[in-house]
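Before any comments, here is the structure.
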Amino acid sequence: MGNSEKAPFRIAGYLPDYRIADYDFSKIQNLTDLIIFSAEAGKDGAIKLDRLRNTPWQKLQAAKTKYRVRLLLCIGGWERSQEFFQLASSQETRTLFAKSAVQLCLEKRLDGIDIDWEHPKNAREENDYADLLKTCHKELQTQGLLLSVTLAAWQKLPKSGFESVDSINLMAYDHTGKHSTFENAVEDVRKLQIQGAPAEKLLLGVPFYGRKINAPDTTLTYRQLVEKQVLPPESDEHDAIYFNGPKTIQKKTAYARDSGLGGIMIWELGQDAEGKNALLNIINSAASKK
(Lines of atoms letter the chains of each structure in order from A and count residues from 1; the text may use other names and numbers.)
(Lines give C-alpha, C1' and ligand atoms only; values in the text may rest on other atoms or scores of the structure.)
Protein backbone atom coordinates (compact mmCIF):
# COMPACT_ATOMS: atom_id res chain seq x y z
CA MET A 1 0.00 0.00 0.00
CA GLY A 2 1.42 3.36 -0.98
CA ASN A 3 1.91 6.06 1.61
CA SER A 4 -0.74 8.25 -0.02
CA GLU A 5 -3.39 5.55 0.31
CA LYS A 6 -5.57 5.48 3.39
CA ALA A 7 -6.36 2.03 4.72
CA PRO A 8 -10.09 1.18 4.70
CA PHE A 9 -11.96 1.75 7.96
CA ARG A 10 -12.08 -1.59 9.75
CA ILE A 11 -15.04 -3.06 11.61
CA ALA A 12 -13.79 -5.99 13.68
CA GLY A 13 -16.13 -8.13 15.75
CA TYR A 14 -15.39 -10.84 18.29
CA LEU A 15 -17.42 -14.05 18.21
CA PRO A 16 -16.84 -16.23 21.30
CA ASP A 17 -16.74 -20.02 21.10
CA TYR A 18 -20.00 -20.26 23.06
CA ARG A 19 -21.87 -18.15 20.47
CA ILE A 20 -20.68 -19.75 17.23
CA ALA A 21 -23.24 -22.58 16.98
CA ASP A 22 -26.24 -20.20 17.02
CA TYR A 23 -24.80 -17.28 15.08
CA ASP A 24 -26.27 -16.14 11.75
CA PHE A 25 -23.17 -15.70 9.62
CA SER A 26 -24.95 -13.56 7.05
CA LYS A 27 -24.48 -10.72 9.56
CA ILE A 28 -20.72 -10.67 9.03
CA GLN A 29 -21.20 -8.94 5.69
CA ASN A 30 -21.17 -5.75 7.81
CA LEU A 31 -17.66 -6.55 9.12
CA THR A 32 -14.18 -6.34 7.68
CA ASP A 33 -12.71 -8.68 10.33
CA LEU A 34 -14.25 -11.58 12.25
CA ILE A 35 -12.23 -12.57 15.33
CA ILE A 36 -12.94 -15.99 16.83
CA PHE A 37 -12.53 -16.07 20.62
CA SER A 38 -10.50 -17.93 21.77
CA ALA A 39 -7.62 -20.33 21.88
CA GLU A 40 -5.18 -20.38 24.80
CA ALA A 41 -1.40 -20.16 24.89
CA GLY A 42 0.57 -22.94 26.54
CA LYS A 43 3.72 -22.22 28.52
CA ASP A 44 5.63 -24.48 26.10
CA GLY A 45 4.63 -22.38 23.08
CA ALA A 46 1.73 -24.59 22.01
CA ILE A 47 -1.67 -23.15 21.08
CA LYS A 48 -4.51 -24.95 22.83
CA LEU A 49 -7.82 -25.24 20.99
CA ASP A 50 -9.74 -27.08 23.74
CA ARG A 51 -12.55 -24.50 23.89
CA LEU A 52 -12.85 -24.54 20.11
CA ARG A 53 -13.05 -28.30 19.61
CA ASN A 54 -16.60 -28.04 18.20
CA THR A 55 -15.91 -25.05 15.99
CA PRO A 56 -17.30 -25.49 12.44
CA TRP A 57 -14.13 -24.33 10.68
CA GLN A 58 -15.44 -25.17 7.20
CA LYS A 59 -18.55 -23.06 7.83
CA LEU A 60 -16.37 -20.18 9.00
CA GLN A 61 -14.13 -20.50 5.96
CA ALA A 62 -17.14 -20.52 3.63
CA ALA A 63 -18.57 -17.40 5.32
CA LYS A 64 -15.19 -15.66 5.13
CA THR A 65 -15.04 -16.29 1.39
CA LYS A 66 -18.69 -15.44 0.68
CA TYR A 67 -18.69 -12.16 2.60
CA ARG A 68 -15.07 -11.21 1.90
CA VAL A 69 -14.06 -10.71 5.50
CA ARG A 70 -10.77 -11.45 7.19
CA LEU A 71 -10.88 -14.30 9.68
CA LEU A 72 -8.63 -14.08 12.74
CA LEU A 73 -8.22 -16.19 15.86
CA CYS A 74 -7.84 -14.60 19.27
CA ILE A 75 -5.38 -16.27 21.62
CA GLY A 76 -5.91 -15.39 25.27
CA GLY A 77 -8.57 -13.27 26.94
CA TRP A 78 -9.94 -12.85 30.44
CA GLU A 79 -9.21 -15.98 32.53
CA ARG A 80 -7.61 -17.54 29.43
CA SER A 81 -4.15 -16.00 29.77
CA GLN A 82 -2.62 -17.91 32.68
CA GLU A 83 0.45 -19.25 30.86
CA PHE A 84 1.46 -16.22 28.80
CA PHE A 85 3.98 -15.04 31.41
CA GLN A 86 5.94 -18.30 31.13
CA LEU A 87 5.61 -18.55 27.37
CA ALA A 88 6.74 -14.95 26.79
CA SER A 89 9.74 -15.16 29.12
CA SER A 90 12.11 -16.97 26.74
CA GLN A 91 12.98 -16.52 23.08
CA GLU A 92 12.77 -20.27 22.54
CA THR A 93 9.11 -20.52 23.57
CA ARG A 94 8.24 -17.21 21.88
CA THR A 95 9.54 -18.61 18.60
CA LEU A 96 7.73 -21.92 19.06
CA PHE A 97 4.50 -20.03 19.71
CA ALA A 98 4.95 -17.82 16.65
CA LYS A 99 5.65 -20.81 14.40
CA SER A 100 2.63 -22.62 15.86
CA ALA A 101 0.50 -19.56 15.05
CA VAL A 102 1.64 -19.55 11.43
CA GLN A 103 0.95 -23.28 11.09
CA LEU A 104 -2.52 -22.89 12.62
CA CYS A 105 -3.37 -20.00 10.29
CA LEU A 106 -2.37 -22.06 7.27
CA GLU A 107 -4.33 -25.12 8.47
CA LYS A 108 -7.52 -23.19 9.30
CA ARG A 109 -7.25 -20.65 6.45
CA LEU A 110 -7.01 -17.77 8.90
CA ASP A 111 -5.82 -14.30 7.94
CA GLY A 112 -3.98 -13.80 11.20
CA ILE A 113 -4.07 -13.88 14.99
CA ASP A 114 -5.08 -11.52 17.77
CA ILE A 115 -3.14 -11.72 21.04
CA ASP A 116 -4.99 -10.76 24.22
CA TRP A 117 -2.81 -11.28 27.31
CA GLU A 118 -4.87 -10.23 30.34
CA HIS A 119 -2.63 -9.00 31.86
CA PRO A 120 1.13 -8.60 32.26
CA LYS A 121 1.77 -7.79 35.93
CA ASN A 122 5.03 -5.84 35.85
CA ALA A 123 7.55 -4.09 33.60
CA ARG A 124 9.44 -7.30 32.86
CA GLU A 125 6.29 -9.02 31.62
CA GLU A 126 5.38 -5.93 29.57
CA ASN A 127 8.78 -6.11 27.89
CA ASP A 128 8.31 -9.84 27.33
CA TYR A 129 4.93 -9.06 25.74
CA ALA A 130 6.57 -6.65 23.29
CA ASP A 131 9.20 -9.28 22.47
CA LEU A 132 6.47 -11.88 21.89
CA LEU A 133 4.66 -9.54 19.50
CA LYS A 134 7.90 -8.79 17.67
CA THR A 135 8.63 -12.51 17.25
CA CYS A 136 5.09 -13.24 16.07
CA HIS A 137 5.21 -10.39 13.57
CA LYS A 138 8.47 -11.69 12.12
CA GLU A 139 7.03 -15.18 11.55
CA LEU A 140 3.53 -14.15 10.45
CA GLN A 141 4.68 -11.62 7.87
CA THR A 142 6.57 -14.32 5.96
CA GLN A 143 3.14 -15.71 5.00
CA GLY A 144 1.38 -12.35 4.66
CA LEU A 145 -0.57 -12.94 7.88
CA LEU A 146 -1.90 -10.25 10.21
CA LEU A 147 -1.18 -9.64 13.88
CA SER A 148 -3.36 -7.62 16.24
CA VAL A 149 -3.10 -7.00 19.96
CA THR A 150 -5.95 -6.28 22.38
CA LEU A 151 -5.35 -3.82 25.21
CA ALA A 152 -7.08 -1.77 27.87
CA ALA A 153 -6.02 1.89 27.99
CA TRP A 154 -4.38 1.46 31.40
CA GLN A 155 -2.06 -1.29 30.13
CA LYS A 156 1.54 -0.41 29.38
CA LEU A 157 3.30 -1.72 26.29
CA PRO A 158 6.75 -0.71 25.03
CA LYS A 159 6.68 1.16 21.73
CA SER A 160 8.26 -1.81 19.93
CA GLY A 161 5.06 -3.73 20.71
CA PHE A 162 2.91 -1.16 18.91
CA GLU A 163 5.34 -1.20 15.99
CA SER A 164 5.06 -4.99 15.64
CA VAL A 165 1.29 -5.19 15.13
CA ASP A 166 -1.05 -4.35 12.27
CA SER A 167 -3.85 -3.21 14.57
CA ILE A 168 -4.62 -2.51 18.23
CA ASN A 169 -8.02 -3.45 19.64
CA LEU A 170 -8.74 -0.95 22.40
CA MET A 171 -11.07 -2.25 25.13
CA ALA A 172 -12.75 1.09 25.89
CA TYR A 173 -15.31 -0.44 28.23
CA ASP A 174 -15.64 -1.93 31.74
CA HIS A 175 -14.77 1.34 33.45
CA THR A 176 -16.16 2.11 36.91
CA GLY A 177 -19.73 3.40 37.02
CA LYS A 178 -21.08 4.17 33.55
CA HIS A 179 -18.69 1.72 32.03
CA SER A 180 -18.28 2.94 28.44
CA THR A 181 -19.21 6.57 27.86
CA PHE A 182 -18.18 8.61 24.83
CA GLU A 183 -15.84 10.57 27.11
CA ASN A 184 -14.24 7.29 28.28
CA ALA A 185 -13.60 6.38 24.66
CA VAL A 186 -11.89 9.67 23.79
CA GLU A 187 -9.74 9.51 26.94
CA ASP A 188 -8.77 5.87 26.33
CA VAL A 189 -7.66 6.68 22.79
CA ARG A 190 -5.60 9.60 24.12
CA LYS A 191 -3.89 7.38 26.71
CA LEU A 192 -2.75 4.82 24.16
CA GLN A 193 -1.61 7.50 21.73
CA ILE A 194 0.53 9.05 24.48
CA GLN A 195 2.17 5.63 24.89
CA GLY A 196 3.00 5.57 21.19
CA ALA A 197 0.06 3.77 19.58
CA PRO A 198 -0.48 5.19 16.07
CA ALA A 199 -4.04 6.42 15.45
CA GLU A 200 -4.32 4.49 12.19
CA LYS A 201 -3.72 1.20 14.02
CA LEU A 202 -6.28 1.83 16.78
CA LEU A 203 -9.67 0.14 16.65
CA LEU A 204 -11.98 1.69 19.21
CA GLY A 205 -13.78 -1.01 21.19
CA VAL A 206 -17.51 -0.67 21.83
CA PRO A 207 -19.68 -2.90 24.04
CA PHE A 208 -22.77 -4.74 22.85
CA TYR A 209 -23.76 -5.25 26.51
CA GLY A 210 -24.67 -3.22 29.56
CA ARG A 211 -23.36 -3.23 33.12
CA LYS A 212 -25.18 -2.26 36.30
CA ILE A 213 -23.68 1.06 37.38
CA ASN A 214 -23.31 0.20 41.07
CA ALA A 215 -23.04 -3.58 40.69
CA PRO A 216 -20.69 -4.15 37.73
CA ASP A 217 -20.87 -7.95 37.95
CA THR A 218 -24.47 -7.67 36.73
CA THR A 219 -24.55 -7.57 32.93
CA LEU A 220 -27.17 -7.83 30.21
CA THR A 221 -26.63 -8.16 26.48
CA TYR A 222 -28.01 -5.41 24.27
CA ARG A 223 -30.35 -8.03 22.83
CA GLN A 224 -31.75 -8.74 26.30
CA LEU A 225 -32.16 -5.03 26.99
CA VAL A 226 -34.24 -4.34 23.88
CA GLU A 227 -36.27 -7.51 24.35
CA LYS A 228 -37.33 -6.28 27.80
CA GLN A 229 -38.59 -2.86 26.70
CA VAL A 230 -38.61 -0.30 23.90
CA LEU A 231 -35.54 1.88 24.33
CA PRO A 232 -35.29 5.31 22.69
CA PRO A 233 -32.27 5.59 20.32
CA GLU A 234 -30.63 8.23 22.51
CA SER A 235 -30.93 6.08 25.64
CA ASP A 236 -27.79 4.64 27.28
CA GLU A 237 -29.29 3.72 30.62
CA HIS A 238 -32.19 1.64 31.87
CA ASP A 239 -32.89 0.39 35.38
CA ALA A 240 -29.39 1.49 36.49
CA ILE A 241 -27.77 -0.54 33.70
CA TYR A 242 -25.45 1.46 31.45
CA PHE A 243 -25.02 0.43 27.80
CA ASN A 244 -24.34 2.02 24.42
CA GLY A 245 -27.52 2.73 22.47
CA PRO A 246 -27.72 3.61 18.76
CA LYS A 247 -26.89 7.32 19.20
CA THR A 248 -23.76 6.65 21.25
CA ILE A 249 -22.63 3.85 18.93
CA GLN A 250 -23.12 6.20 15.98
CA LYS A 251 -21.23 9.00 17.75
CA LYS A 252 -18.30 6.73 18.67
CA THR A 253 -18.07 5.37 15.12
CA ALA A 254 -18.12 8.88 13.64
CA TYR A 255 -15.44 9.93 16.13
CA ALA A 256 -13.22 6.99 15.17
CA ARG A 257 -13.72 7.71 11.47
CA ASP A 258 -13.18 11.47 11.71
CA SER A 259 -10.17 11.16 14.04
CA GLY A 260 -8.28 8.94 11.61
CA LEU A 261 -8.48 5.82 13.77
CA GLY A 262 -8.16 2.43 12.13
CA GLY A 263 -11.73 1.45 12.88
CA ILE A 264 -14.16 0.04 15.42
CA MET A 265 -13.94 -3.19 17.43
CA ILE A 266 -16.99 -4.93 18.93
CA TRP A 267 -17.33 -7.09 22.03
CA GLU A 268 -19.25 -9.10 21.09
CA LEU A 269 -21.35 -9.99 18.05
CA GLY A 270 -23.63 -12.53 19.72
CA GLN A 271 -24.91 -9.86 22.12
CA ASP A 272 -26.42 -7.69 19.38
CA ALA A 273 -30.14 -7.15 18.92
CA GLU A 274 -32.01 -8.30 15.83
CA GLY A 275 -33.38 -6.42 12.84
CA LYS A 276 -33.86 -2.66 13.07
CA ASN A 277 -32.35 -2.64 16.58
CA ALA A 278 -29.02 -4.14 15.49
CA LEU A 279 -26.05 -2.01 16.56
CA LEU A 280 -23.80 -3.56 13.91
CA ASN A 281 -25.95 -1.97 11.20
CA ILE A 282 -25.57 1.42 12.93
CA ILE A 283 -21.77 1.04 12.90
CA ASN A 284 -21.70 0.00 9.27
CA SER A 285 -23.84 2.96 8.24
CA ALA A 286 -21.91 5.51 10.33
CA ALA A 287 -18.54 4.21 9.11
CA SER A 288 -19.41 4.91 5.48
CA LYS A 289 -20.79 8.44 5.96
CA LYS A 290 -18.54 11.36 5.13
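Taking full-length UniProt numbering, the leading residue of the sequence shown gets 1, the next gets one more, and so forth.
Where is the CB? At the ideal position from N, CA and C, for every residue including glycine.
On a predicted model such as this, the values are computed, not experimentally measured, just so you know.
For E79, there is no enclosing alpha helix (DSSP H), as DSSP marks it with neither H nor E. When DSSP states are grouped into helix, strand and coil, H175 belongs to the coil group. Annotation: A153 to N169 spans about 10 Å, alpha carbon to alpha carbon. Rounded to whole angstroms, the separation of the alpha carbons of P216 and S26 is 32 Å. Taking the Cα of A46 as reference, the smallest distance to any Cα among Y23, A101, N122 and T221 is reached at A101.
Where T65 is concerned, the enclosing alpha helix (DSSP H) starts and stops at W57 to Y67. If you keep only unbroken beta strand (DSSP E) runs of at least 3 residues inside the stretch 233-275, you get 263-267. In this structure, the beta-carbon distance from V189 to L261 falls below 8 Å.
Inter-segment contact for the stretch 147-167 and the stretch 129-138 is present: three or more beta-carbon pairs are separated by less than 8 Å.
In the DSSP assignment, V189 falls within the alpha helix (DSSP H) that extends over F182 to Q195. Between L220 and G210, the C-beta spacing is below 8 Å. Within the same chain, and ignoring the five residues on either side of A98 in sequence, the residues whose Cβ sits closer than 6 Å to its Cβ are T135, C136 and E139.
Three or more pairs of CB atoms, one per stretch, sit closer than 8 Å, so the stretch 31-47 contacts the stretch 101-116. Contact check for L269 against G13 passes: the beta carbons are separated by less than 8 Å. A199 and E107 have their C-alpha atoms some 32 Å from each other.
Nearest to R10 by C-alpha distance, out of Q271, E274, A254 and D17, is A254. If you draw a 10 Å sphere on the C-beta of I20, you find 16 or more other C-beta atoms in it, and that means buried. The beta carbon of N184 sits closer than 7 Å to those of A172 and H175, all from its chain and outside the five residues before and after it, given in chain order. Where F25 is concerned, there is no enclosing alpha helix (DSSP H), because DSSP gives it neither an H nor an E.
The alpha-carbon separation between E118 and A88 amounts to approximately 13 Å. One alpha carbon belongs to T142, the other to D33, and they sit about 21 Å apart.
In this structure, K251 lies away from F208, with their beta-carbon atoms at least 8 Å apart. Membership of D131 in the alpha helix (DSSP H) is indicated by the continuous run A123 to Q141.
Per DSSP, the continuous beta strand (DSSP E) segment holding T221 begins and ends at A215 to T221.
Per DSSP, reduced to three states, the secondary structure at V206 is strand.
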